[in-house]
Amino acid sequence: CTGSGGPTPVFEKHINAQRRSTGKDSLRFYISDKYPNPEAWKEIVAGRYHLNQIEESVDAADPPPNRIFRLFNLSFHHFPDPAAIEILRSTMETADGIAIIELQDRRLGCLAMMGFNWMFLWKITPFWSEPKRSLIRKMLWLFPNMVIYAAVLFTLCWDGMASCIRTREFGEFIDLVAKAADGSGFVLLTQRHSIP
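In the numbering used here, each number is its position in the sequence shown, counted from 1, plus 669.
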């Protein structure tokens with residue numbers, strides 16, 4: 670999901686702006702993936718000194734040793750439990766921290782949003798053409814491509830629903846952390862800081 674960079678550039682911009690405003694040094698961010706997309710990343714990192722890319726394949730369970738914080742944007746649900754446990758174990762051994770950001774979950778509202786997303790996209794699709802075209806020309810442009818649009822919309826909804834279903838709930842994630850820390854001396858404490 671973050672093979673194209675995800676929200677990492679936004680995080681880099683805001684985190685480093687905040688750090689500079691308090692007199693702290695900027696942090697370096699690196700975009701990586703097991704299946705890297707360097708061409709897509711070149712535009713993202715262009716002209717940004719503190720945002721870089723690692724063009725070689727990076728295994729999330731065995732990343733370069735000099736990274737102190739790991740950030741997973743909309744991607745941790747792609748890892749099956751054994752791989753997720755290895756990633757967490759590796760993080761505990763080699764990094765100072767980890768952030769896992771998943772914007773979707775298995776609640777009915779999120780599933781409904783993904784399931785009905787096609788309605789919104791179908792409604793705005795005719796307007797994805799030159800603004801000067803009349804509505805009739807836009808519709809004539811749309812109809813020959815309906816099968817393609819239907820396939821794309823179905824794929825979008827299916828992928829969204831699959832991501833929702835695969836995303837772990839907080840308790841499941843805590844269980845993975847406990848398995849990753851098994852016997853290592855880590856003490857796991859949890860506290861709810863806000864109402865979900």
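Glycine included, C-beta positions come from ideal geometry on N, C-alpha and C.
Q. Do the CB positions of Ile700 and Phe741 come within less than 7 Å of each other?
A. no
Q: Consult DSSP for Gly766 and reduce its assignment to one of helix, strand or coil.
A: strand
Q: Report, in whole angstroms, the separation of the C-beta atoms of Ala729 and Ile756, which I expect to be a contact under 8 Å.
A: 5 Å
Q) Which class does Phe789 belong to by DSSP, given the choice of helix, strand or coil? A) helix
Q) How many angstroms separate the CA atom of Cys670 from the CA atom of Ser744? A) Confidence is the limiting factor: at Cys670 the pLDDT is only 45, short of 50, which leaves the residue's position unreliable, though a coordinate-based value still follows. Straight-line Cα distance between these residues: approximately 5 Å.
Q | Enclosing alpha helix (DSSP H) for Arg739 [first to last residue] | A | Looking at the DSSP string, Arg739 is not in any alpha helix (DSSP H); the run it does join, the beta strand (DSSP E), is Phe738 to Asn742.
Q: Taking 7 Å as the cut-off, decide whether the C-beta atoms of Asp765 and Ile737 are in contact.
A: yes
Q. Bridge partners of Phe698, per DSSP?
A. Leu720
Q | C-alpha distance - Ser803 paired with Trp791, whole-angstrom precision | A | 18 Å
**Q.** Neighbourhood of Arg689 by C-beta distance below 8 Å, restricted to the same chain and skipping five residues each side
**A.** Ser695
Q) Nearest-angstrom Cα distance between Ala752 and Ala847? A) 14 Å
Q: Rounded to whole angstroms, what's the CA-CA distance from Gln687 to Leu777? Just pull it up for me.
A: 36 Å
Q | Residue(s) in a DSSP beta bridge with Asp866 | A | Examination of residue 866 is not possible in this model, given that the chain is present from 670 through 865 alone.
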